[in-house]
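Protein chains: 2
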Amino acid sequence: MDQLAQAAALYYRNFAAVAAERDLTLMQGKMLSLLRRPMPMRALADLLACDASNVTGIVDRLGARGLVRREADPSDRRVKMVMLTEEGEETVRQIRSELMSNLTGLESLGEEDRHAFQRLLSQVLPAVST
Amino acid sequence: MDQLAQAAALYYRNFAAVAAERDLTLMQGKMLSLLRRPMPMRALADLLACDASNVTGIVDRLGARGLVRREADPSDRRVKMVMLTEEGEETVRQIRSELMSNLTGLESLGEEDRHAFQRLLSQVLPAVST
DNA sequence: TATTGTTATACTCTATAACTATA
DNA sequence: TATAGTTATAGAGTATAACAATA
Chain S
1 MDQLAQAAAL YYRNFAAVAA ERDLTLMQGK MLSLLRRPMP MRALADLLAC DASNVTGIVD
61 RLGARGLVRR EADPSDRRVK MVMLTEEGEE TVRQIRSELM SNLTGLESLG EEDRHAFQRL
121 LSQVLPAVST
Chain P
131 MDQLAQAAAL YYRNFAAVAA ERDLTLMQGK MLSLLRRPMP MRALADLLAC DASNVTGIVD
191 RLGARGLVRR EADPSDRRVK MVMLTEEGEE TVRQIRSELM SNLTGLESLG EEDRHAFQRL
251 LSQVLPAVST
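Here the protein sequences come in this chain order: S and P.
Following this note's numbering, the numbering of the first sequence begins with 1 at its first residue and continues without gaps.
Following this note's numbering, the numbering of the second sequence begins with 131 at its first residue and continues without gaps.
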């Protein structure tokens, strides 16, 4: 229990540090990481667990830096799809690779331990859609 | 790796929800939880991984609600010790107990799985002091 | 000189409420 | 009527820089 708290703290401290190196806030880094494919603003709000009105500002700031862009959805003209630009894609690649190399603990595990870890997490994570 | 991200997201989502029920922000809840014993402002800044100037405001707001108080340190008159009030202690007890009951996953594990989990976490947590 | 805590400042995140344009 | 996104607003977190008091 305390270990879960520490693991969570470690993960976010690491994530925030990696993002900060690129002048990104935690939320900006999270949003970029979520955009594996184009997504409506609304979906981003759900995944980031924040109000839809906040997404406007975050996308604005990332857009001003050329990391994401909005595009109209032909099938529903209310919807705006958000997607990474080329530069955004590259930034996400860098973040992911640095996250990996900072948290090498899991990668250095044997097969058996890794499976035990995943089994345990699946019990603790009944309702996570991220 | 992705599982660690999900576990961290789950933990903080749960923590923030429990804190919000008591009209506390995530940082306010974190600070209360850290105050197992009186602590200088400076130590809180280190544990919360934020600038010392932020601690002033957070302690101010918690103090205005009667959950913490400052006290002079006789041995170094620059230092102010922050400690929980009686109401603060009770709030922390409630938060802890609700966190536990929400994340029952770990508690329901068998001995073997629990040990595997702790062994894994200890590999991922080389530098966590919280 | 260095450290502790505060203040001032500017920016970001946050929820709420009111608005528009679509559906 | 309901939904997607925006805007306005107020409160909270954030780092930086400058400051007073103390070491």
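In this text, a Cβ means the ideal position worked out from N, Cα and C, and glycines have one as well.
So, is the C-beta of P/Arg143 closer than 8 Å to a C-beta in chain S? Looking up residue 143 of chain P in the second sequence gives position 13. Contacts with chain S at 8 Å (Cβ-Cβ) include P/Arg143.
For P/Val148 versus P/Leu214, is the C-beta distance shorter than 8 Å? Here residue 148 of chain P is taken as the residue at index 18 of the second sequence, counted from 1. Here residue 214 of chain P is taken as the residue at index 84 of the second sequence, counted from 1. In this structure, P/Leu214 does not lie closer than 8 Å to P/Val148 by Cβ.
Secondary structure at S/Val82, three-state DSSP: helix, strand or coil? Residue 82 of chain S sits at position 82 when you count from the first residue of the first sequence. In this structure, DSSP gives S/Val82 an extended state, which the three-state scheme calls strand.
Given P/Val198, which residues of its chain have a CB within under 8 Å of its CB, disregarding the five upstream and five downstream residues? Counting from 1 along the second sequence, the entry for residue 198 of chain P is found at position 68. Contacts found: Met161, Leu162, Leu165, Val189, Leu192, Val212, Met213, Leu214, Thr215 and Gly218.
Use the C-beta contact count for P/Gly159: other C-beta atoms within 10 angstroms, 16 or more gives buried, fewer gives exposed. Here residue 159 of chain P refers to the residue found at position 29 when the second sequence is read from its first residue. The residue in question, P/Gly159, is buried, as its Cβ has 16 or more Cβ neighbours within 10 Å.
If we define contact as Cβ-Cβ less than 8 Å, is S/Leu4 a contact residue for chain P? By one-based count along the first sequence, residue 4 of chain S stands at place 4. By this cut-off, S/Leu4 is an interface position.
Restricting to runs no shorter than 4 residues, where is the alpha helix (DSSP H) found entirely within the segment 28-93 of chain S? Those alpha helix (DSSP H) runs which fall completely within the segment 28-93 of chain S and span 4+ residues are 41-48 and 52-64.
Are three or more beta carbon pairs between the segment 134-147 of chain P and the segment 7-23 of chain S nearer than 8 Å? A contact exists between the segment 134-147 of chain P and the segment 7-23 of chain S.
With a threshold of 8 Å on Cβ separation, who are the neighbours of S/Pro126 within its own chain once the five nearest residues in sequence on each side are excluded? The count along the first sequence starts at 1 and reaches residue 126 of chain S at position 126. A caution first: S/Pro126 carries a pLDDT of 42, below 50, which makes its placement in the model unreliable, though a value can still be read off. Excluding sequence neighbours, S/Pro126 sits near nothing in its chain.
For P/Arg226 and P/Gly196, I'd like the C-alpha separation in whole angstroms. Counting from 1 along the second sequence, the entry for residue 226 of chain P is found at position 96. Counting from 1 along the second sequence, the entry for residue 196 of chain P is found at position 66. A direct Cα-Cα distance of roughly 19 Å separates P/Arg226 from P/Gly196.
Let me make sure I understand the geometry here. Which of P/Pro170, P/Gly187, P/Ala194 and P/Thr221 has the alpha-carbon closest to that of P/Asp206? Taking the first residue of the second sequence as position 1, residue 206 of chain P is located at position 76. In terms of Cα proximity to P/Asp206, the closest of P/Pro170, P/Gly187, P/Ala194 and P/Thr221 is P/Pro170.
Is the separation between the beta-carbon of P/Val185 and that of P/Ala175 shorter than 8 Å? Numbered from its first residue, the second sequence carries residue 185 of chain P at position 55. Numbered from its first residue, the second sequence carries residue 175 of chain P at position 45. Taking 8 Å as the Cβ cut-off, P/Val185 and P/Ala175 qualify as a contacting pair.
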